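Residue numbers (our numbering): 2 to 83.
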């Protein structure tokens, strides 16, 4: 394998990783919108279901989603306590 083939291989791998990451970011954006709507309508079941969806994300994004779900859950609890 010459240097150009090696560079092309690295570029292709990088493109595939970025494509996957972009898909996850778009998907996460949709999930965050759904979480916001579930909080607006005080629907705990929707929030729990969305937390489960985090298993389909990479570890980094799943951790981020878990934190967001917990934060929104606290908001729901505070609203319910009022």
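Ideal Cβ positions, reconstructed from N, Cα and C, are used throughout, including at glycine.
These numbers come from a predicted model, not from an experiment.
Asked: Pull up the distance between the alpha-carbon of residue 3 and that of residue 70, whole angstroms please.; Found: 48 angstroms
Asked: Judging by CA-CA distance, which residue of 60, 13, 37 is the nearest neighbour of residue 73?; Found: 37
Asked: Pick from 6, 20, 77, 34: whose alpha carbon is nearest that of residue 66?; Found: 34
Asked: Could you check if residue 26 is buried or exposed, using at least 16 other CB atoms within 10 Å of its CB as the buried criterion?; Found: exposed
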